[in-house]
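A.B. asks: The letter at position 422 of the first sequence is residue 475 when you use our numbering, and the numbering goes up by one with no holes. Below you will find the structure I want to go over with you.
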Amino acid sequence: MSSALLADLRARGLVFQVAGEDELPAWLDGGMRTLYCGFDPTADSLHIGHLVPLLMLRRFQLAGHRPLALVGGATGLIGDPSFKAQERQLNTPEVVAGWVDKIRDQASRFIDFDAGDHSAEVVNNLDWMAGLDVLAFLRDVGKHFSVNAMIQKESVRQRLEREGSGLSFTEFSYMILQSYDFAELNRRYGCGLQVGGSDQWGNITGGIDLTRRMNSDRVYGLTVPLITKADGTKFGKTESGAVWLDPARTSPYAFYQFWLGAADADVYRFLKYFTFLPVAEIDELERADAERAGRPEAQAVLAREVTRLVHGEEGLAAALRITESLFSGELGGLSEDDFRQLRQDGLPASRVARGELPETVTQMLAEAGMAASGKQVKDALGRKAVLVNGASVGWEENGAPAEVFARGRALFGGYYLVRLGKKKYHLFEVA
RNA sequence: GGAGGGGUUCCCGAGUGGCCAAAGGGAUCAGACUGUAAAUCUGACGCGAAAGCUUCGGUGGUUCGAAUCCACCCCCCUCCA
Numbered sequence: 054m055s056s057a058l059l060a061d062l063r064a065r066g067l068v069f070q071v072a073g074e075d076e077l078p079a080w081l082d083g084g085m086r087t088l089y090c091g092f093d094p095t096a097d098s099l100h101i102g103h104l105v106p107l108l109m110l111r112r113f114q115l116a117g118h119r120p121l122a123l124v125g126g127a128t129g130l131i132g133d134p135s136f137k138a139q140e141r142q143l144n145t146p147e148v149v150a151g152w153v154d155k156i157r158d159q160a161s162r163f164i165d166f167d168a169g170d171h172s173a174e175v176v177n178n179l180d181w182m183a184g185l186d187v188l189a190f191l192r193d194v195g196k197h198f199s200v201n202a203m204i205q206k207e208s209v210r211q212r213l214e215r216e217g218s219g220l221s222f223t224e225f226s227y228m229i230l231q232s233y234d235f236a237e238l239n240r241r242y243g244c245g246l247q248v249g250g251s252d253q254w255g256n257i258t259g260g261i262d263l264t265r266r267m268n269s270d271r272v273y274g275l276t277v278p279l280i281t282k283a284d285g286t287k288f289g290k291t292e293s294g295a296v297w298l299d300p301a302r303t304s305p306y307a308f309y310q311f312w313l314g315a316a317d318a319d320v321y322r323f324l325k326y327f328t329f330l331p332v333a334e335i336d337e338l339e340r341a342d343a344e345r346a347g348r349p350e351a352q353a354v355l356a357r358e359v360t361r362l363v364h365g366e367e368g369l370a371a372a373l374r375i376t377e378s379l380f381s382g383e384l385g386g387l388s389e390d391d392f393r394q395l396r397q398d399g400l401p402a403s404r405v406a407r408g409e410l411p412e413t414v415t416q417m418l419a420e421a422g423m424a425a426s427g428k429q430v431k432d433a434l435g436r437k438a439v440l441v442n443g444a445s446v447g448w449e450e451n452g453a454p455a456e457v458f459a460r461g462r463a464l465f466g467g468y469y470l471v472r473l474g475k476k477k478y479h480l481f482e483v484a
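Here's what the structure looks like:
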């Protein structure tokens with residue numbers, strides 16, 4: 054059942070490195086296997102950079118295996134130095150503990166906890182690390198690690214070689230902690246495979262070695278590739294920062310828009326990475342798009358699929374509702390109810406008292422978060438790139454927000470849909 | 001403990017007394033072109049509507065004037081012990 058899974062993963066380009074390549078297919082075919090992937094709490098939400106490994110767990114579960122999602126309550130207190138340019142700031146245990154809870158809930162949505170013998174589980178490495186005493190750790194675990202080998206790892210090389218940065222013992226030890234996780238999960242759950250991002254290769258192989266030494270068991274590792282964009286810029290960033298999985302941080306609408314904006318050069322790859330659509334279907338879509346010459350459909354498919362995966366049917370419906378009303382036609386078609394709905398569905402919105410309008414339009418839009426600074430709004434105003442309920446606003450009106458947001462220009466008494474540039478919308482309610 | 005090197009605007013990285021809100025590149029934002037693409041071209045890019053205000057690790061000082069000079073402090077790196 055599982056060589057087929059591996060073949061599919063390869064076809065999707067999801068396999069970057071494999072530890073134990075020769076035996077892994079047979080091992081997977083040999084029955085239900087347990088695998089894990091770790092997620093360190095470095096914020097109160099996961100972001101789309103975590104999506105590929107998260108979906109990986111699900112892919113394995115769908116193929117009949119048992120996934121463990123590990124939340125790094127302990128490792129999150131230390132900080133992974135892998136390929137990081139600088140030493141990281143430590144977070145307090147209270148803060149990390151709070152993040153652990155949130156991330157546990159998020160990760161849980163992607164795996165099935167009610168799947169019989171291959172039901173997923175969420176584990177926290179703080180459970181076995183918290184009670185570990187230093188001497189036991191150094192004697193029983195540390196003794197298996199060769200510093201000579203550790204400093205050879207590519208993941209820390211930069212920190213060791215580059216002038217201007219350093220590596221504390223704390224972060225250097227991270228690899229040992231993660232390795233110990235693997236050995237511990239192997240002991241507790243018979244876990245035999247760790248998946249992770251390509252930056253985790255060093256940590257994964259460390260765990261494989263430790264498991265062999267401590268448990269005399271042969272275990273495997275698999276990394277997924279780093280997601281890149283054809284234009285060389287970093288994947289997963291928008292002007293407002295990371296794209297989060299938490300709807301309170303990145304609304305389903307913004308999430309949907311992010312994927313919709315995928316470049317042609319990336320979109321078919323992304324479909325393979327981030328959706329469960331069969332590869333053949335994706336290839337067919339690519340062919341059709343190429344023939345059509347014009348606007349491709351792939352972005353819409355990608356946005357729909359991934360938004361549904363992360364935010365469910367309801368989140369997707371909300372995203373589509375907003376997208377359609379904003380980008381495909383007349384605002385006139387919207388009812389007062391629709392405006393309320395838009396706000397609820399995640400369109401950025403704010404409420405201002407009519408008596409408390411700021412002195413300038415730039416101030417108003419910047420404060421609403423439509424632009425990083427008033428300067429940017431100024432630029433947009435000067436280029437006729439600001440529309441209020443469809444009507445262009447010029448720089449000369451900057452000093453008169455009361456006129457720009459006059460009652461007579463409102464929709465349904467107090468709604469002003471402001472557009473800045475081509476894609477940024479904000480709903481103002483002036484009462 | 002000793003010797004040396006370094007901390008500049010989101011990032012990289014110039015800048016050693018006025019011409020510096022600070023070169024250049026990247027990222028980002030806006031415009032044109034388009035498909036809510038890509039590439040390209042244009043403009044913006046510390047904050048502010050403006051007057052003006054606040055920056056170059058920190059604190060003091062020298063000077064008409066400092067990112068640039070001096071003192072002390074903090075942090076980082078390299079080598080030696």
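Every residue, glycine too, gets a C-beta built ideally from N, C-alpha and C.
1) V272 to Q253, Cα distance in whole Å?
2) Given this structure, state the Cα-to-Cα distance separating R112 from L384, to the nearest angstrom.
3) DSSP three-state call for T303: helix, strand or coil?
4) Looking only at C-alpha atoms, which of V175, R436, S232 and I280 sits nearest to R266?
5) With distance defined between alpha-carbon atoms, name the residue in D284, G285 and F311 nearest to A295.
6) From this set, L220, T258, G245 and K476, which residue's C-alpha is nearest A79's C-alpha?
7) Rounding to the nearest angstrom, what Cα-Cα distance links P146 and G447 in this structure?
8) Where does N201 sit, in a helix, a strand or coil, going by DSSP?
9) Rounded to the nearest angstrom, what separates R361 and A96 at their Cα positions?
10) Compute the distance between the beta-carbons of L88 and V248, then report whether it is under 8 Å.
11) Strictly by DSSP, which residues pair up with A402?
12) With a 10 Å radius around its C-beta and 16 neighbouring C-beta atoms as the bar for buried, classify R340 as buried or exposed.
13) Taking contact to mean at least 3 C-beta pairs separated by less than 8 Å, is the stretch 433-451 in contact with the stretch 409-417?
14) Starting from G260, trace the alpha helix (DSSP H) both ways and give me its first and last residue.
15) Measuring CA to CA, which of L298, L77 and D82 is closest to H103?
16) Exposed or buried, what is T276 when buried is set at 16 or more other beta-carbons lying within 10 Å of its beta-carbon?
17) Name the two residues that bound the continuous beta strand (DSSP E) containing S445.
18) Run through DSSP, which three-state label would P120 get?
19) For V148, name the three-state secondary structure that DSSP assigns.
20) Using the DSSP secondary-structure output, state which residues sit across from T276 in a beta bridge.
21) Specify, as a first and last residue, the run of the beta strand (DSSP E) that V176 falls within.
22) If you check the beta carbons only, do F458 and V483 fall under 8 Å apart?
23) Taking only three categories from DSSP, how would you classify V439?
C.D. replies: By the coordinates alone:
1) Here residue 272 corresponds to residue number 219 of the first sequence, with the count starting at 1. Here residue 253 corresponds to residue number 200 of the first sequence, with the count starting at 1. Cα to Cα, the separation comes out at about 16 Å.
2) If you number the first sequence from 1, residue 112 lands on position 59. If you number the first sequence from 1, residue 384 lands on position 331. Spanning the two alpha carbons is a distance of roughly 42 Å.
3) The residue you call residue 303 lines up with position 250 of the first sequence. It is coil, neither helix nor strand.
4) What you label residue 266 is simply residue 213 of the first sequence in a count that begins at 1. Measuring from the Cα of R266, the nearest candidate turns out to be S232.
5) Residue numbering aside, residue 295 sits at position 242 when the first sequence is read from its first letter. When each option's Cα is compared against that of A295, the closest is F311.
6) Here residue 79 is taken as the residue at index 26 of the first sequence, counted from 1. Of the listed residues, the one whose Cα sits closest to A79 is G245.
7) The residue given as residue 146 occupies position 93 in the first sequence. The residue given as residue 447 occupies position 394 in the first sequence. Roughly 51 Å between the two C-alpha positions.
8) What you label residue 201 is simply residue 148 of the first sequence in a count that begins at 1. DSSP places N201 in helix when its eight states are reduced to three.
9) Residue numbering aside, residue 361 sits at position 308 when the first sequence is read from its first letter. Residue numbering aside, residue 96 sits at position 43 when the first sequence is read from its first letter. Each residue's alpha carbon lies about 23 Å from the other.
10) Taking the first sequence and counting its residues from 1, the one referred to as residue 88 is at position 35. Taking the first sequence and counting its residues from 1, the one referred to as residue 248 is at position 195. Yes, Cβ-Cβ distance for L88 and V248 is below 8 Å.
11) Residue numbering aside, residue 402 sits at position 349 when the first sequence is read from its first letter. Answer is L480.
12) Counting from 1 along the first sequence, the entry for residue 340 is found at position 287. The residue in question, R340, is exposed, as its Cβ has fewer than 16 Cβ neighbours within 10 Å.
13) yes
14) By 1-based counting over the first sequence, the position of residue 260 is 207. From DSSP, the alpha helix (DSSP H) with G260 extends over W254 to N268.
15) Numbered from 1 along the first sequence, position 50 holds the residue referred to as residue 103. Considering only alpha carbons, the answer is L298.
16) Indexing the first sequence from 1 puts residue 276 at position 223. Its Cβ being crowded by 16 or more others within 10 Å, T276 is buried.
17) On the first sequence, position 392 is the one that residue 445 refers to. From DSSP, the beta strand (DSSP E) with S445 extends over A444 to V446.
18) Within the first sequence, residue 120 is the residue found at index 67, counting from 1. If DSSP states are grouped into helix, strand and coil, P120 belongs with the strands.
19) Mapped onto the first sequence, residue 148 falls at position 95. Helix, per DSSP.
20) Position 223 of the first sequence, counted from the first residue, corresponds to residue 276. Answer is Q70 and G249.
21) What you label residue 176 is simply residue 123 of the first sequence in a count that begins at 1. Note, V176: beta strand (DSSP E), E174 to N177.
22) Numbered from 1 along the first sequence, position 405 holds the residue referred to as residue 458. Numbered from 1 along the first sequence, position 430 holds the residue referred to as residue 483. Contact: yes.
23) Taking the first sequence and counting its residues from 1, one reaches residue 439 at position 386. Note: V439 maps to strand in three-state DSSP.
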